[in-house]
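Enquirer:
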Ligand code: 5AD
Ligand code: FES
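Numbering (this note's numbering), first residue to last: 35 to 380.
(1) When you compare only the Cα positions, how much space is there between residue 314 and residue 239?
(2) Does any heavy atom of the ligand FES sit closer than 7 Å to the C-beta of residue 331?
(3) What residue from 186, 196, 86 and 115 has the CA that sits closest to residue 355's CA?
(4) Flag residue 114 as yes when its Cβ comes closer than 7 Å to any non-hydrogen atom of the ligand 5AD, and as no otherwise.
(5) Using the beta-carbon count (16 or more within 10 Å), is residue 377 buried or exposed?
(6) If you draw a straight line from the C-alpha of residue 318 to the C-alpha of residue 189, how long is it?
(7) Note down the Cα distance separating residue 276 from residue 146, rounded to an integer number of angstroms.
(8) Work out the CA separation of residue 298 and residue 259 for me, nearest whole Å.
(9) So, helix, strand or coil for residue 204, using DSSP?
(10) To the nearest angstrom, report how far apart residue 93 and residue 44 are at their CA atoms.
(11) Using a Cβ-Cβ cut-off of 6 Å (strictly less than) and excluding sequence neighbours within five positions of residue 170, which residues of its own chain qualify?
(12) Please identify the residue among 294, 213, 305 and 322 whose C-alpha is closest to the C-alpha of residue 40.
(13) The ligand 5AD and residue 166: does the residue's C-beta get closer than 7 Å to at least one heavy atom of that ligand?
(14) If I follow the unbroken alpha helix (DSSP H) through residue 92, where does it start and stop?
(15) Over what stretch of residues does the alpha helix (DSSP H) that includes residue 369 continue unbroken?
(16) Sort out for me which residues DSSP pairs residue 231 with in a bridge.
(17) Ordered along the chain, which non-local residues of its own chain (more than five positions away) have a Cβ less than 7 Å from that of residue 20?
(18) I need the straight-line Cα distance from residue 137 to residue 154, nearest angstrom please.
(19) Going by DSSP, what residue range makes up the alpha helix (DSSP H) through residue 332?
Listed below in structure tokens is the structure:
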């Protein structure tokens, strides 16, 4: 097993069979070794720095019905909200004063935010904060829309592929098309964005073969960022009674991703922090090098309830800024408030 991990560390690749063998047979000792090698790779590329992104969850309206997600359109138990341009800018201002130089605008697929409205918001943020990076995460759009956002100044785009197993993808996403999602990711890369893909860990029915699909897909796509986190059930969804993904499996996959794509930007996600009080710290130690604290106004945070038990819903941005720094330091790393572009964009 150690030979296999060494091979992954040296070559940044393994075959499909080798990856499956690794996932099927990893002992606790091997896991520590894997995390150590992943941490080693991350130190070589990013030293002990952890980049901070300010997350603004600006709408919880969504036209989709993903079966895992608490803001799916069929959920009538969630109070819906939208932040207007001024409220979004207010979040940026709070973030700027706290030192953030990257804003992530994330929302459901909400038709209220037409391309014109998005372009106006992006342009205004970039005019006001020209040195800051703007990341957009509003789901599947046409090439034309992605192009317009890019020309307005958006630097990065997050669109998790969610799972690269077609049958699983289709069972989780009624009326959505797997091929379209993959096409969107390719289009985003083609336009010139720094692109984030990613998947959930521990979806009902998901097995190691599925993770191998995700890993092989990511190795080929070579996104600049990869967001992975445990699936966590949400009480108003069809998956309410399913089990969460585990901290252990998520950390194993984080480490393998770090070794497959050693210079990728890899967040220790909020979902990971939500299933374990030390989840984000453990994610960083497993090879993560990004955290995305929340900048959304406190009164709407609880409403962006993708899953139950989400952390930080009652905390002010300033509180999270300090809290996360303490956590990063306690894990042996240092906060870096710079834009934190991917190495190929620096
Ligand atoms: N558990 C964990 N992650 C979830 N997401 C959505 N719903 C859940 C859930 N129940 C993730 C998806 C999406 C990202 C914004 O949040 O991967 O892309
Ligand atoms: Fe929000 Fe700790 S990061 S309270």
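Beta carbons are placed, not taken as given, at the ideal position from N, Cα and C, and that holds for glycine.
Expert: Answer, in terms of the structure:
(1) 25 Å
(2) no
(3) 86
(4) no
(5) exposed
(6) 24 Å
(7) 32 Å
(8) 6 Å
(9) helix
(10) 43 Å
(11) 139, 183, 188 and 191
(12) 294
(13) no
(14) Counting along the chain, residue 92 falls outside any alpha helix (DSSP H), though it belongs to the beta strand (DSSP E) covering 88 to 93.
(15) Counting along the chain, residue 369 falls outside any alpha helix (DSSP H), though it belongs to the beta strand (DSSP E) covering 368 to 370.
(16) 260
(17) The structure shown does not extend to residue 20, since the chain is modelled only from 35 through 380, so no value can be given for it.
(18) 15 Å
(19) 332 to 335
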